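Notes for the one structure printed next.
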């Protein structure tokens, strides 16, 4: 019994916080500011408890927990904590603050189950649990039409991808007679029906990861949804799906490696190139980050295609870095847009003049996303490339490497606007709240240190 | 001597600059840091020679090796041989001179916004990248430092530059990044081509050797990738724009140090680790570098802007570096390294002088100047020295370096190499034409009225020029110390090429 509690500790703690919020909502209302501080404190505790874990299986291998999975979960916990800090300006003003966090934590709970799942059924249930609350969250800018449009697009596309996933799962069951991760590898022989089923499964992953050509919902949803939701979607949601994607490919469908390798090559190239080319033209920073995150997923796929233990650690490491760098970028956008309502690249011209700290954090984040040393992003990208290059075609490696250059071009475009361009009336000095400052400091420290402190990667690689 | 000092000191200086309160403090910290770094570089030569004299026969001295990412076999492996020591000295000289000529950087448009600190910070970060590059013996670490040196250049040019600075900064950053992405492909090719034992270690790869198919496949990636940095034709197009838009110290760094990163990489990484690849492609290298030498020289003749002139002449001069490497003889390789040092000092001096002139006359157009010798004798003398060094007058470093390259080239007895050597030699005549014409126009003749009240160089500019001139003359008059430093390193590379 106590084992049961401890193996599922992370999920239980999150559930506990959700219920706590529910009671606070039902009881006498708290002021938003103090409630937000309370939530931030609880989320910090949640990150703290995530460092301890107990390995084991539950419910007939439906639910597994290992050191690696616990670490992945804690990356997500950390991301949610950072979002609660960085977006506090927007959150404080919102009249449905407790509901917002209840939804976000429900999604997080779903992602935790998702990473832990050891069975396609569990996988499906947790994926639903993680995606439906996000659609509700996308609608949280209650007065904005774009926000409800984003929610609508989100729910329709997730419903569609769930349908495909279910179809895939039933085909898997039909072709092999099992849906358990442990029994599947032995039952796979590469027959046409199995490959067809596998294609459906990969398609639903591709929807969640916004891999081209299943990315069309991404940009609109990112632009319409409030910034905390956008950052949650682009970092936490993608990270969790990437984690389970690796497990499914490497552990479950390992007999079909040659098949999925070729699929990944095509998807990765299409994703990198499309993401990069579309990001070149964006003016709205949220859309810009949306397309750049599509391109980043292309790189993650490149790393995954290596198919070795090095790929697993490179992807986990990359997501950890991505949490810091992308949340820092979104944090700056969020702070600026909640203070001034401006969120296009043109508005950020000569931003440096009045907002030095925010500008440096933004530059650091963008350099990290572009993979420029000495930021952690350099190490993240390099390790993905090293992991993927092992058995890659040479031309695939060359395309990936050249895409780094293209992505640098548009990241530099923002840097150029902030530092070099002239502007008649640049953004006024923005006062940064204490918790936002804390969030920015944590992110910047992460961007600088996660790469240079090499034991972090060592720890991940021995998981 | 602990080589970590070489990266630690610039880093500390950069942090110190960030923490300082006013321009005065920024300048003093940057100056003190880079002066100390020069002392370190000279001490390094002293200790290096002492160790060698005491019979230390290892290829690399002062080695240190720390495990960085053991699971990928990435180590922080550093060490120096004579070639790297020479490049470190070059870097220290140029950095100190660069800090000195940027004394009044707050007068630039961007400086008015109170961005002096940032300027020096980026300058020192760039310097750190260069030092790290020259001492690293692990290809991953080497690549890390190579890329560190790119982005500061972008910000320096884009923020403090002149003319179409954003365009130039973008072009430079993207072309250099494209170059380095080819480099990473080449490095990974070696990493995975080394059989079961995957390694980024330069010394290790050199010992075990790579199969000839791997060498032939990946040599072009590495050579072209590094070649972009050192203006390999036809990837030289970032050079004129980048140099002409950069602030003075930026141009000095760019031409003096950054272009040498590429030359060093071509030699140490591409040619040394893939000797068979080098032999396979050496004719291509020779053809491309001969074109660069001649084309650069003729293009320089057409320039009316002093900075463009020096930028194009840099393409021509850096062609000698690649020509020396492509010739694959020991003397030519020694000459190539000497040319790197010599051109680094000479071109930095040239850009420093152009900066001084521009700060006073507010023009860089050659035909708008004249008679400046009368009002600024010191500056013009420096211009003469830089020019004469550039056209290869004996007594200055340019002569020694180019002569060595030609001697080494001539050692190849076949017609192809001889013709290439002759073609390259012809460029010296063209160089003489454009240098003498430009200097004559700027320094002599009747002086324009508006230039009458101009002041001569200030103490910091004089000191900067003096530092670089000492370097140039020390190589030009007594080249042996540099030659002895470089030769053993070149010998090892040559042995590898001839398969001993």
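Protein chains in written order, with this note's numbering: chain A, -16 to 446; chain B, 81 to 580. All C-beta atoms, glycine included, are put in the ideal place defined by N, C-alpha and C. Values in this document were obtained by computation on a predicted structure and should not be read as measured data.
In angstroms, rounded to a whole number, what distance separates the CA positions of residue 390/B and residue 179/B? In the second chain, residue 390/B corresponds to position 310, counting from 1. In the second chain, residue 179/B corresponds to position 99, counting from 1. Computed Cα separation, rounded: 20 Å.
Go to residue 393/A, then tell me how far its alpha helix (DSSP H) extends in each direction, as first and last residue. As a position in the first chain, residue 393/A is number 410, starting the count at 1. Under the DSSP assignment, residue 393/A falls in the alpha helix (DSSP H) whose first and last residues are 377 to 402.
Using only CA atoms, which one of 298/B, 342/B, 329/B, 274/B lies nearest to residue 306/B? Residue numbering aside, residue 306/B sits at position 226 when the second chain is read from its first letter. The residue with the shortest Cα to Cα distance from residue 306/B is 342/B.
Residues near residue 568/B by beta carbon distance below 6 Å, same chain, minus five either side: Here residue 568/B corresponds to residue number 488 of the second chain, with the count starting at 1. These residues qualify, in order along the chain: 162.
Is it buried or exposed, residue 82/B, if we count other Cβ atoms within 10 angstroms and call 16 or more buried? Here residue 82/B corresponds to residue number 2 of the second chain, with the count starting at 1. Here residue 82/B is exposed: its Cβ has fewer than 16 other Cβ atoms, across all protein chains shown, within 10 Å.
Taking the alpha carbon of residue 241/B as the point to measure from, which residue in 311/B, 532/B, 261/B, 324/B has its own alpha carbon closest? Here residue 241/B is taken as the residue at index 161 of the second chain, counted from 1. Checked all of 311/B, 532/B, 261/B, 324/B; the closest Cα to residue 241/B is 324/B.
Here's a check: name, in chain order, each residue in its chain whose Cβ is nearer than 6 Å to the Cβ of residue 155/A, leaving out the five neighbours to either side. Here residue 155/A refers to the residue found at position 172 when the first chain is read from its first residue. Only 180 meet the Cβ criterion.
Around the C-beta of residue 321/B, are 16 or more other C-beta atoms found within 10 angstroms, so that it is buried, or is it exposed? Here residue 321/B refers to the residue found at position 241 of the second chain. It is buried - the Cβ of residue 321/B has at least 16 other Cβ atoms within 10 Å.
Which residues of chain A have a Cβ atom closer than 9 Å to the Cβ of residue 254/B, listed in chain order? Your numbering for residue 254/B matches position 174 in the second chain. The contacting residues are 388, 389, 391, 392, 395.
Buried versus exposed, by CB contacts within 10 Å (16 or more), residue 56/A: Translated into the one-based positions of the first chain, residue 56/A becomes position 73. Counting Cβ neighbours within 10 Å, residue 56/A comes out buried, since at least 16 surround it.
Where residue 385/B sits in the DSSP three-state scheme: In the second chain, counting from the first residue as 1, residue 385/B sits at position 305. Judged by DSSP in its simplified three-state form, residue 385/B adopts strand.
Cβ-based contacts, 8 Å cut-off: residues of the stretch 359 to 373 of chain A near chain B: Listed by position, the residues of the stretch 359 to 373 of chain A near chain B (Cβ gap below 8 Å) are 361, 365, 366, 368, 369, 372, 373.
Given residue 526/A as reference, the closest of 187/A, 157/A, 129/A once Cα atoms are compared: For residue 526/A there is no data in the structure shown, the boundaries of chain A being -16 and 446.
In chain order, which continuous runs of the alpha helix (DSSP H) of length 4 or greater are located wholly inside the stretch 309 to 372 of chain B? Here the runs fully enclosed are 318 to 325, 328 to 333, 339 to 345.
Is the stretch 279 to 293 of chain B touching the stretch 227 to 244 of chain B in the sense that three or more CB pairs, one from each, lie closer than 8 Å? With the cut-off at 8 Å, the stretch 227 to 244 of chain B and the stretch 279 to 293 of chain B do not touch.
For residue 187/A: DSSP bridge partner residues: Taking the first chain and counting its residues from 1, one reaches residue 187/A at position 204. Paired residues: none, contrary to the question.
What is the residue span of the alpha helix (DSSP H) that residue 295/A lies within? Here residue 295/A is taken as the residue at index 312 of the first chain, counted from 1. Here the alpha helix (DSSP H) through residue 295/A covers 292 to 323.
Nearest to residue 304/A by alpha carbon, out of 285/A, 362/A, 322/A, 194/A? Counting from one through the first chain, the residue named residue 304/A turns up at place 321. The residue with the shortest Cα to Cα distance from residue 304/A is 362/A.
Quick test of the definition: if touching needs 3 or more C-beta pairs under 8 Å, does the stretch 279 to 286 of chain A touch the stretch 243 to 258 of chain A? With a cut-off of 8 Å on Cβ pairs, the stretch 279 to 286 of chain A is in contact with the stretch 243 to 258 of chain A, counting three or more such pairs.
Locate the beta strand (DSSP E) running through residue 144/B, then write down its first and last residues. Translated into positions along the second chain, residue 144/B becomes position 64. Here the beta strand (DSSP E) through residue 144/B covers 141 to 149.
Runs of alpha helix (DSSP H) wholly within the stretch 497 to 523 of chain B (minimum 4 residues, chain order): If only complete runs of 4 or more residues are kept, the stretch 497 to 523 of chain B shows no alpha helix (DSSP H) anywhere.
Residue 261/B (DSSP reduced to helix, strand or coil): Walking along the second chain from the start, residue 261/B turns up at place 181. Residue 261/B: helix per DSSP, three-state reduction.
Any C-beta of chain B sitting closer than 9 Å to the C-beta of residue 244/A? Residue numbering aside, residue 244/A sits at position 261 when the first chain is read from its first letter. So no, residue 244/A is outside the interface.
For residue 85/A, which option in 69/A, 97/A, 63/A has the closest C-alpha, if you only look at C-alpha atoms? By one-based count along the first chain, residue 85/A stands at place 102. Selection 69/A, 97/A, 63/A evaluated against residue 85/A yields 63/A as nearest (Cα-Cα).
In terms of residue numbering, what span does the alpha helix (DSSP H) encompassing residue 111/B cover? The residue labelled residue 111/B in the question sits at position 31 within the second chain. Unbroken alpha helix (DSSP H) run through residue 111/B: 103 to 133.
Looking at residue 28/B: is its Cβ nearer than 9 Å to the Cβ of residue 309/B? In the structure as shown, chain B starts at 81 and stops at 580, and residue 28/B therefore has no counterpart that could be examined.
Partner residues on chain B for residue 437/A, Cβ-Cβ distance less than 7 Å: Here residue 437/A corresponds to residue number 454 of the first chain, with the count starting at 1. What residue 437/A touches in chain B: 148, 149.
How about residue 352/A and residue 240/A: are their beta carbons less than 9 Å apart? Here residue 352/A corresponds to residue number 369 of the first chain, with the count starting at 1. Here residue 240/A corresponds to residue number 257 of the first chain, with the count starting at 1. Going by C-beta atoms, residue 352/A is not nearer than 9 Å to residue 240/A.
Starting from residue 29/A, follow the alpha helix (DSSP H) in both directions and report where the run begins and ends. In the first chain, residue 29/A corresponds to position 46, counting from 1. For residue 29/A, the enclosing alpha helix (DSSP H) starts and ends at 15 to 32.
Give the DSSP-derived three-state secondary structure of residue 217/A in the structure shown. For this step, residue 217/A is matched to residue 234 along the first chain. Three-state DSSP puts residue 217/A in a helix.
For chain B, is any of its Cβ atoms less than 9 Å away from the one on residue 399/A? In the first chain, counting from the first residue as 1, residue 399/A sits at position 416. Taking Cβ atoms only, chain B reaches closer than 9 Å to residue 399/A, which makes this a yes.
Please determine if the stretch 408 to 423 of chain A and the stretch 68 to 75 of chain A are in contact, where contact requires at least 3 C-beta pairs separated by less than 8 Å. Below 8 Å, enough C-beta pairs join the stretch 408 to 423 of chain A and the stretch 68 to 75 of chain A to call them touching: three or more.
In the DSSP output, which residue or residues are listed as bridge partners for residue 160/B? Start at 1 with the first residue of the second chain, and residue 160/B comes out as number 80. 141/B, per the DSSP bridge assignment.
Is it a yes or a no for the stretch 410 to 421 of chain B touching the stretch 472 to 482 of chain B, going by three-plus beta-carbon pairs under 8 Å? Segment contact: the stretch 410 to 421 of chain B against the stretch 472 to 482 of chain B, three or more CB-CB distances shorter than 8 Å; contact assigned.
Here's the rule: buried if 16 or more other CB atoms are within 10 angstroms of the residue's CB, otherwise exposed. What is residue 192/A? Counted from its first residue, the first chain places residue 192/A at position 209. Residue 192/A is classed as buried because its beta carbon has at least 16 other beta carbons within 10 Å across all chains shown.
Beta-carbon neighbours of residue 155/B, restricted to chain A and to distances below 9 Å: Walking along the second chain from the start, residue 155/B turns up at place 75. Against chain A, a Cβ distance below 9 Å from residue 155/B picks out nothing, because the smallest value is about 10 Å.
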